[in-house]
Amino acid sequence: MAKDFVAEIVEERTRRNPAFTDLIAEAEARRKLARKLASLREGKSLSQTVVAARMGTSASVVSKLEAGGDVKVSTLQRYCSAIGERFRVAV
Numbered sequence: 000m001a002k003d004f005v006a007e008i009v010e011e012r013t014r015r016n017p018a019f020t021d022l023i024a025e026a027e028a029r030r031k032l033a034r035k036l037a038s039l040r041e042g043k044s045l046s047q048t049v050v051a052a053r054m055g056t057s058a059s060v061v062s063k064l065e066a067g068g069d070v071k072v073s074t075l076q077r078y079c080s081a082i083g084e085r086f087r088v089a090v
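At position 8 of the sequence shown (counting the first as 1) the number is 7 in numbering that gives the first Met the number 0, and the numbers step up by one without a gap.
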């Protein structure tokens, strides 16, 4: 069976950088968290604009966070506070 394009790229990048698969896993974890946070926000009927105002930032920052972008921990903390949730880190 032929490899798909994404598998070829991952294989090539992993050859050049053995830590590449770890980077992919970290990005997937960020996206999973982002989807959960967005779901919590939507469940409380809050718009990104309202959350941004509560955070003292722009809606584009909230959008980036909810898309799984690489944001600061302090941004995650402010986001959680804005949606009425407590920020917790499981170690």
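Note that CB positions come from ideal geometry on N, CA and C, so glycine has one too.
Using only CA atoms, which one of the options lies nearest to residue i?
i   : options            : result
G68 : E10, I82, K31, R14 : K31
G42 : E84, V90, A89      : E84
R87 : L36, V61, S59      : L36
R34 : V72, S57, E65, T74 : E65
Within 10 angstroms of its Cβ, does residue i collect 16 or more other Cβ (buried), or is it exposed?
i   : result
I82 : buried
E27 : exposed
Between residue i and the ligand ZN, is there a pair consisting of the residue's CB and a ligand heavy atom that are separated by less than 6 Å?
i   : result
A89 : This structure lacks the ligand ZN; in fact it carries no ligand of any kind.
Alpha carbon to alpha carbon, what distance is there between residue j and residue i?
i   : j   : result
K63 : S44 : 19 Å
R15 : A52 : 43 Å
I8  : T20 : 11 Å
A24 : G55 : 31 Å
E11 : V72 : 32 Å
P17 : V90 : 25 Å
V70 : V61 : 10 Å
A91 : R29 : Because the chain is modelled from 0 through 90, residue 91 falls outside the range shown and cannot be assessed.
S38 : L75 : 15 Å
R77 : R40 : 13 Å
Distance cutoff 7 Å, beta carbons only. Does residue i sit that close to anything in chain C?
i   : result
P17 : Absence of chain C from the displayed structure is noted, only one protein chain being present.
Apart from the five residues just before and just after residue i, which ones in its own chain have a Cβ nearer than 8 Å to its Cβ?
i  : result
F4 : none
With a threshold of 7 Å on Cβ separation, who are the neighbours of residue i within its own chain once the five nearest residues in sequence on each side are excluded?
i   : result
A58 : Q47, T48, A51
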